[in-house]
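Chains as they are written, first to last, in UniProt numbering: chain C, 1 to 326; chain W, 1 to 326. Report on the structure given below.
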DNA sequence: TTGTACGCGTTATCAC
DNA sequence: GTGATAACGCGTACAA
């Protein structure tokens, strides 16, 4: 890609300056190597002086492994996913991995992009997007590249996943509804093939068999979807929304359509920053993004060490955040 | 990092199956090479059959260049920055570059992280964060690694930058204020050393010398900062905020502190998705994130081709979005 | 512990 | 147009 650039400091340069062999330099920068303290000191000083950095590209090539991790995600406009990105990158860095970012927004371009990821010999892949076809994950698994899914379902052997405990979250909400004496509940979700929607709806149904549940599935899953959906459920006592974005839209939809005195209560799921803003004060279920990220990376790291591990699933506990919206 | 894995399909395998030499395979996958149509066909078919992908790591090592681009950013919780990430990744992909994501949230860990980026022999770096010290950019430039800044100031020779036209945006707002007959204007910004705050404030001052401007700088720059700041400017006719996040908080701060009948108008800057939500309907200046990303990548690509280029700066036009908040 | 020699997968160079 | 061969920078057996 680039041309000129040139003149990187290499191990040989350091070796010459330090008066040692090139392998001594290599060993100094290899975690589990045996170098005398004296040699190491000489090398380190020379390296410092020259500003030497190990060329990870070259290292990767001869070890046959890389420390690249593909992060494939979609919809950075979704605050929850953005929120997840930070701890994910942080955790990966802690383990010495470098994230390669793949945007899955454009389904057309997704397949070739994921293929391309193979060119980089990624050590693993984290999929955090709701939509992309799972068949692509199989492609990685077939090549023994570990795949970890976040808030996503999969039956693929050798594929790990971590998700917030939707069951627990919905149970908390149902319990809360019972305390308030609400029986007529509406549910707003994205298309049922969407993982979080499907799982949360199922959890709601199983947790509240005594409730009258009216579901409403609406395409898009964002603020505007929620806003358009809620007026249809005006008669409910409470609206349980699959995500905060839907819930915030739902609140605004209700306000614009009904008279303020008798609006349904509204709850969300995620606890994005906007949920706590004045106009909303959304009662919601908080996902622990730090824990999600930590588990995701841990699952990935352990499977990189041993690909033959059985599929694992971890459910991350959630927390009920009671605010004014319900 | 990983161990077992192994068994990648390499050029030699393809060559053997296709009955040609390794070089033929290499040429087939090298854009500007000369291969006969017949050979190319044989190679392509064999490659397809084996699922061969060029090993970019090895290619990078040989050519001495990489197609990695470091994206260093901070605060994914800022919707504007998240919004910028999508087109950025997209544009890079269009040029065959792979983004390495660096989180600059933790200033302690930033320096070592950026150093580490050198290990990957990145072809260039895009800095989109407001805060990180510019001295780090110098480190890259010293090694002839192109650096492009987005919405950030810099005097470094050889460093390109692209930014929304803050001057134009503020002029539009001032003009709008004049039409409305507002003379008492408040300004809410982050700390003055923050680029967008400083530049937008300066633009405001120079565009509206006839106005009475009362600035208020408040740490943090998010929703809560704006919310805390606005009540102090209750007496103004309009509050010009340096960012949408500040503006949304400011609106809520005003509402909670004053009587609804006589609140100042409020404007923002960015046009994040939340600005159009019902409770806000924020009048704001829209940044063209697609254009910002496109220019940033273009600047980077051209400088990668020729590092000796003079420093360039591009201002991206903005657009006034009039809603109800002003 | 240290240095030498070789291989990782690819592209560039050079004969053919 | 095609095929051998030499790099690219580094890790690591192997011998010293």
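C-beta atoms are modelled at their ideal positions from N, C-alpha and C, and glycine is treated no differently.
Sub-8 Å separation of residue i and residue j beta-carbons
i	j	result
residue 193/C	residue 103/W	no
residue 250/W	residue 239/W	yes
residue 292/W	residue 150/W	yes
residue 252/C	residue 8/W	no
residue 325/C	residue 281/C	yes
residue 98/W	residue 120/C	yes
residue 318/W	residue 288/W	yes
residue 269/C	residue 244/C	yes
residue 162/C	residue 316/C	yes
residue 160/C	residue 312/C	yes
residue 42/W	residue 18/W	yes
residue 76/C	residue 86/W	yes
residue 208/C	residue 246/C	no
residue 51/W	residue 125/W	no
residue 153/C	residue 297/C	no
Residue i CB to nearest heavy atom of the ligand ADP below 7 Å
i	result
residue 301/W	You won't find the ligand ADP in this model; it holds no ligand whatsoever.
Listed by chain order, chain C residues near residue i by CB distance under 8 Å
i	result
residue 319/W	Residues of chain C passing the Cβ test: none, with the nearest at roughly 19 Å.
DSSP-derived helix/strand/coil call for residue i
i	result
residue 32/C	coil
residue 279/C	coil
residue 241/C	strand
residue 300/C	helix
residue 19/C	coil
residue 157/W	coil
residue 264/C	coil
residue 2/W	Confidence in residue 2/W is poor, its pLDDT being 40 and thus under 50, which makes the residue's placement too unreliable to answer from.
residue 284/C	strand
residue 115/W	helix
residue 185/W	strand
residue 211/W	coil
residue 54/W	coil
residue 43/C	helix
residue 320/W	strand
residue 9/C	coil
residue 292/W	helix
residue 254/C	helix
residue 149/W	strand
residue 308/W	coil
Under 9 Å from the C-beta of residue i: neighbouring residues of chain C
i	result
residue 252/W	277, 278 and 279
residue 93/W	102, 103, 109, 113 and 116
residue 82/W	76, 77, 78, 79, 81, 82 and 85
Residues that residue i bridges to, as DSSP identifies them
i	result
residue 314/W	162/W
residue 232/W	In the DSSP output, where bridge partners are listed per residue, residue 232/W has none listed.
residue 270/W	286/W
residue 217/W	189/W
residue 99/C	69/C
residue 124/C	69/C
Residues that residue i contacts on chain C, provided the C-beta gap is smaller than 7 Å
i	result
residue 274/W	274
residue 256/W	278
Residue i: contacting residues in chain W (beta-carbon distance under 7 Å)
i	result
residue 79/C	79
residue 393/C	The question about residue 393/C has no answer here: the residues shown for chain C are numbered 1 through 326.
residue 101/C	89, 99 and 101
Proximal chain W residues relative to residue i, where beta-carbon distance stays under 8 Å
i	result
residue 120/C	56, 57 and 98
Checklist line | Positions along the UniProt domain "HTH lacI-type" (9-63) of chain C whose CB lies within less than 7 Å of some CB in chain W | finding: Of all residues in the UniProt domain "HTH lacI-type" (9-63) of chain C, only 53, 54, 55, 56, 57, 58, 60 and 61 place a beta-carbon less than 7 Å from a beta-carbon of chain W.
Margin query: Output needed in chain order: residues of the segment 163-179 of chain C with a Cβ under 8 Å from some Cβ in chain W.
Written below: Correct list: empty, as no residue qualifies.
Item checked: Residues of the segment 192-207 of chain C with Cβ closer than 8 Å to any Cβ of chain W, in chain order -> Those would be none; no residue qualifies.
Notebook entry, point to check: Taking Cβ-Cβ distances below 7 Å as the criterion, which residues of the segment 219-230 of chain C are in contact with chain W?
Noted result: Going along the segment 219-230 of chain C in chain order, one finds 223 with a Cβ nearer than 7 Å to chain W.
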